[in-house]
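Working notes for the structure below.
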Amino acid sequence: MRADAARNRRAVLDAARHLFGREGLDASMEAVARTAGVGVGTVYRHFPDRGALVRAVIADRIAHVTGLVEQARTRLDEDPAAAWWGLFDGLIASGLPLLVPTLVPRSNDAEVFPAELLAARARTARAAEEVLRAAQGHGVVRADIGAAEIMLLLAGALRRMPGLPVELDEALIARRVPLVRDALRPDGTALPGSALALTTVLDALGG
3 MRADAARNRR
13 AVLDAARHLF
23 GREGLDASME
33 AVARTAGVGV
43 GTVYRHFPDR
53 GALVRAVIAD
63 RIAHVTGLVE
73 QARTRLDEDP
83 AAAWWGLFDG
93 LIASGLPLLV
103 PTLVPRSNDA
113 EVFPAELLAA
123 RARTARAAEE
133 VLRAAQGHGV
143 VRADIGAAEI
153 MLLLAGALRR
163 MPGLPVELDE
173 ALIARRVPLV
183 RDALRPDGTA
193 LPGSALALTT
203 VLDALGG
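Mapping of the sequence shown onto the working numbering: residues 3 to 209, in sequence order.
What follows is the structure, encoded as structure tokens:
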């Protein structure tokens, strides 16, 4: 793929991820093109329809998070705190938590999650659970929380509030993220019930 075509594809994927997280999976291809700063024909050259674009965004984010998890895994023994919090910050920057409320209701939709994406999602979830357990074993993260709960906390903390001015909304989000970080530290109040693993949630969703 030519460098300019690769840049356009990246811009389309990033724009689609932003719009899908904000407006849902029904965001139009025209809106994606405008946000990406390209013509709608460019969008269709890379992705023949919205379903293909949705699947590409999901695959792209899964691959990105898989890379983050692998980076954390290699650093855990050397510096477990840096490894875990690097993964935490990378997950926020990935935009995946903002997609969670949009994607969960479509988990059993084969047009959104075909078999290969379900398998990739499951592999990444298992790897993330392993990194979390290792970080908990090193005393970096509270022991009574699961990866699914962390993802849901981030999904809620990063979600925008419709109607608020953008500057105020961003300031509030910036304040909520440190709250989540502090909530994950090992010296917090004990939680009721059992930790909720990502794999448990995926099984419940049929994935």
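For each residue, glycine too, the CB sits at the ideal point set by N, CA and C.
Taking the alpha carbon of residue i as the point to measure from, which residue in the options has its own alpha carbon closest?
i	options	result
residue 63	79, 88, 105, 35	105
residue 206	58, 150, 125, 34	150
residue 286	116, 50, 73, 125	Within the shown structure, residues of the chain are numbered from 3 to 209, placing residue 286 beyond reach of any answer.
residue 138	108, 107, 85, 157	85
residue 130	88, 114, 113	88
residue 148	116, 188, 110, 176	188
residue 90	16, 107, 72, 103	72
residue 162	152, 11, 204, 175	175
residue 80	181, 136, 52, 30	136
residue 182	121, 114, 153	153
residue 31	20, 51, 25	51
Using 10 angstroms around the beta-carbon of residue i, count the other beta-carbons present and answer buried if the total reaches 16, otherwise exposed.
i	result
residue 82	buried
residue 23	buried
residue 186	buried
residue 110	exposed
residue 5	exposed
residue 166	exposed
residue 121	exposed
residue 11	buried
residue 29	buried
One question on the structure: do residue i and residue j come within less than 8 Å of each other, judged by their Cβ atoms?
i	j	result
residue 40	residue 8	no
residue 35	residue 45	yes
residue 67	residue 98	yes
residue 197	residue 179	no
residue 55	residue 18	yes
residue 156	residue 101	no
residue 192	residue 146	yes
residue 119	residue 60	yes
Output needed for residue i: all residues of its chain with C-beta closer than 6 Å, excluding positions within five of it in sequence on either side, in chain order.
i	result
residue 38	13, 14, 17
residue 142	82, 83, 86
Go through its chain and collect everything with a Cβ distance to residue i's Cβ below 8 Å, but skip five positions before and after it.
i	result
residue 194	none
Please work out which residues of its chain come closer than 7 Å, Cβ to Cβ, to residue i, disregarding the five sequence neighbours upstream and downstream, and give them in chain order.
i	result
residue 33	21
Margin query: Measuring CB atoms only, is the stretch 154 to 173 touching the stretch 125 to 141, in the sense that at least three cross pairs come out at less than 8 Å?
Written below: No, they do not touch.
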